[in-house]
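So the sequences go chain by chain: A and B.
Residue 172 in this note's numbering is what sits at position 172 of the first sequence, and the numbering runs on without skipping anything.
Residue 1257 in this note's numbering is what sits at position 257 of the second sequence, and the numbering runs on without skipping anything.
All residues carry an ideal CB built from backbone N, CA and C; glycine is no exception.
These figures come from a predicted structure and were not determined experimentally.
Taking it in order: structure first as structure tokens, then the write-up.
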Amino acid sequence: MAEPLLEVAGVRAGYGDAVVIDDIGFSLGQGESLAVLGRNGMGKTTLILTLMGATRLMGGQMSLRGTRFERLPSNRRVALGLGWAPQERGIFASLTVEENLLVAARPGPWNATRLLDMFPSLAQRRRNFGNQLSGGEQQMLAIARALMTNPALLLLDEPLEGLAPIIIEELTATIRRLADEGVGFILVEQHTQLALGLARRTIILERGRIVFEGDSRGLIDDPALLVRFVGLRGERSLITQP
Amino acid sequence: MSDILQTWAALTFNGISFGMILFLISSGLTVTLGVMRLVNLAHCGFAMIGGYFAMAAVDYLGFGLLASLPVAIVGTMIVAAVIERTLFRWVYGVTELSQILMTIGLAFVMVALCNIIFGPLLHALPIPGWLTGNLDVAGVVVSTYRCFLIVVAGLIAIGIWYVVEGTDFGARLRASVDNPRMARCAGINVRRIFSFTFTVGCGLAAVGGVLGSQMLPIEPFYALNYLILVLIVVATGGLGSLKGSFTAALIIGVIDTWGRYILPSGGGFVMYAIVLVVLLARPQGLFARA
């Protein structure tokens, strides 16, 4: 059996003395996609931040392609193969669009030319500074910047939050295209139906613990589970099959 | 040109050269204070150390001023790198009060060590013969040495601007300043960038210490005597803004020189009054980072 891309076991983390996620364990194969669902405040973003080394880790192990990384600083996790597009986007305001991409560049198939082709609206604004972009453009830039690190696994934290429907459509198509190209990702998303449509597998967090882990299709077919854990009805008409 | 105009032009010229020295010394502090959030009250000590390195090169190796400059820069950067890796590493994450206590303590240690090693006397490094005398610039008689200072400091300022705005390193530095956590999560080694920037900033302070010794003589209390002036430059310019420090240093240099001419007895206070007004109007400084 092939070695998993990401393995997380018994992870407990939070901020200061506060434990936000506890006993988190899952694994992900090469090119696999995982949606992380749950109500607000259940630890979804904290899980992503923990993978990136931006929380206080209190226990557990994490490895990427067999290399333990729970003690590595964030920049070395990126070198190992984690790419992060944060919820708040984290665009470098004093850098141009092009510079935002180039500061993250690592060797691999993704480069600025390819990404600017992928996001034409960014190409048009390549000389604009980060603080001159719209919310949608910032989100595209956050994803493009994460791809510039040529990650083995992309961490997308609520990439569709607060965006206009047309931008959501565009970004959804982009994420689907990434999946088709074999880029593995973990997607935290409030748009439950879209997330289930994009990721093959899903975990649901409740009070910092995993309460459901399985195929996204299982959730699509069992709306009662969604109502129970996420508080939403899975509207079949909105679901795009993975 | 009338005598009055000539006098004021010469004063302004002297003020600009003084401001350039202030900029060289303060540029490193701008970065450490505004970028690395490190309240380094020992910063002027590195300008002093640079001055003493140059003095030692002049006295013991027979070097001239310009030949002693690389010795001062390299020596100061080595001392800065050692101190950064041993002492400063421990204070990055502590509170500002702890940083103040630690760095002011370091400044006192620098003062005491230099007093023991070099004695309490004031030293001005000898300037080469071709830099002595005066030049006639558009009818205004100005010191050749001050012209030289303005040219050198101006070139260094342009060099700093180019590195920060036009190179990959500068882009990574700006990213690290904008959002250190995000920079780390984009794969940038923020720690290494800050260490390097700190060391280079101390090297720039050494340049200011050496070239400015005719105006700010090298002595053991240098580390404390000019600290207020340099802090004023950084605060008035806006934390983390090199453009702000450059502008503030020039303004403060010119106003201080004018003030001492208009009010010889109390002219030193004119600058403080202007700075007070500026900071009341713009507490975040002239060019504060967003």
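For chain A, is any of its Cβ atoms less than 7 angstroms away from the one on B/N1225? no
Reference B/G1237; option with closest CA among B/A1183, B/A1288, B/I1078: B/A1288
Check whether the stretch 58–67 of chain A and the stretch 1158–1174 of chain B touch, using three or more Cβ-Cβ pairs below 8 angstroms as the test. no
How would you call B/N1040, buried or exposed, if buried means at least 16 neighbouring beta carbons within 10 angstroms? buried
Return the CA-CA distance between A/T240 and A/I204, expressed in angstroms with no decimal places. Low confidence applies here, because A/T240 scores a pLDDT of 45, under 50, leaving its location unreliable; read the following figure in that light. Their backbone Cα atoms lie some 19 angstroms apart in a straight line.
Quick one: does B/L1286 have its CB under 7 angstroms from some CB of chain A? no
Could you tell me which whole alpha helix (DSSP H) segments of length 4 or greater appear in the stretch 1086–1166 of chain B? 1096–1118, 1144–1166
Who are the near neighbours of A/P151 in its chain, counting only those whose CB is closer than 7 angstroms to its CB and skipping five residues on each side? G81, L82, G83
Out of B/V1140, B/F1196, B/V1254, B/G1244, point me to the one whose CA is closest to B/I1083's CA. B/F1196
Using a beta-carbon distance below 7 angstroms, is A/L95 in contact with chain B? yes
Exposure label - A/S134; buried when at least 16 CB within 10 Å: exposed
Tell me which residues of the stretch 63–84 of chain A have at least one Cβ-Cβ distance to chain B shorter than 9 angstroms, keeping chain order. P73, S74, N75, R76, R77, V78, A79, L82, G83, W84
Per-residue burial, A/Q138 [other beta carbons within 10 Å of its own, 16 or more giving buried]: buried
Paired residues, beta bridge with B/I1083 - DSSP: BP columns for B/I1083 are empty, so no partner.
Give the straight-line distance between the Cα atoms of A/F212 and A/A104, rounded to the nearest whole angstrom. 34 angstroms
Per DSSP, the bridge partner or partners of B/I1295: In the structure displayed, chain B extends from 1001 to 1290; residue 1295 of chain B sits before or after that span and is not available.
In this structure, does DSSP put A/V230 in helix, strand or coil? coil
Among residues of its own chain, excluding the 5 on either side of B/A1290, which ones have a beta-carbon nearer than 6 angstroms to its beta-carbon? Below a pLDDT of 50, predicted positions are generally treated as unreliable, and B/A1290, at 49, falls in that range; the measurement from the model is reported next regardless. Once the five neighbours on either side are set aside, B/A1290 has no close Cβ partner at all.
Can you give me the start and stop residues for the beta strand (DSSP E) that A/W84 sits inside? 82–85
So is B/A1182 in contact with chain A if we call contact Cβ pairs under 7 angstroms? A small correction: the amino acid at residue 1182 of chain B is Met; Ala does not occupy that position in the sequence shown. Chain A contact via Cβ: present.
Using the beta-carbon count (16 or more within 10 Å), is A/R236 buried or exposed? Summary for A/R236: the model assigns pLDDT 42, below 50, so the residue's position carries little reliability, and this model does not support an answer.
In angstroms with no decimal places, state the Cα-to-Cα distance between B/A1081 and B/M1036. 15 angstroms
Are any of the Cβ atoms in chain A nearer than 7 angstroms to that of B/I1160? no
How would you list, in chain order, the residues of chain E whose beta-carbon sits under 8 angstroms from the beta-carbon of B/I1188? The structure shown contains no chain E; the protein chains it does contain are A and B.
So, at 7 angstroms on beta carbons, what are the nonlocal neighbours of A/L238 in its own chain, with the 5 sequence-adjacent residues on each side left out? Unreliable positioning characterises A/L238 in this predicted model, as indicated by a pLDDT of 43, which lies under 50. A coordinate reading is not provided.
Can B/F1046 and B/T1076 be called in contact, C-beta distance under 7 angstroms? yes
Could you pull out every residue in the same chain whose Cβ sits closer than 8 angstroms to the Cβ of B/T1257, ignoring the five residues on either side in sequence? L1011, T1012, N1014, G1015, F1018
Thinking C-beta only, is B/Y1222 closer than 7 angstroms to B/M1048? yes
Pair every Cβ in the stretch 1058–1076 of chain B with every Cβ in the stretch 1117–1132 of chain B, then say whether three or more of these pairs are closer than 8 angstroms. yes
CA-CA distance, A/L101 and A/V11? 31 angstroms
Can you tell me whether A/R90 is buried or exposed, with buried defined as 16 or more other CB within 10 angstroms of its CB? What sits at residue 90 of chain A in the sequence shown is Gly, not Arg. Answer is buried; the Cβ neighbour count reaches 16.
Please confirm if B/R1174 has its CB atom under 7 angstroms from at least one CB of chain A. yes
Express the C-alpha separation of B/L1121 and B/P1220 in angstroms, rounding to a whole number. 8 angstroms
Just checking: is the beta-carbon of A/G90 within a distance shorter than 7 angstroms of some beta-carbon in chain B? yes
So if DSSP puts B/F1053 in a beta bridge, which residue, or which two residues, is it bridged to? B/F1053 pairs with nothing; no bridge assigned.
Provide the residue span of the alpha helix (DSSP H) that contains A/R177, from first to last. 165–180
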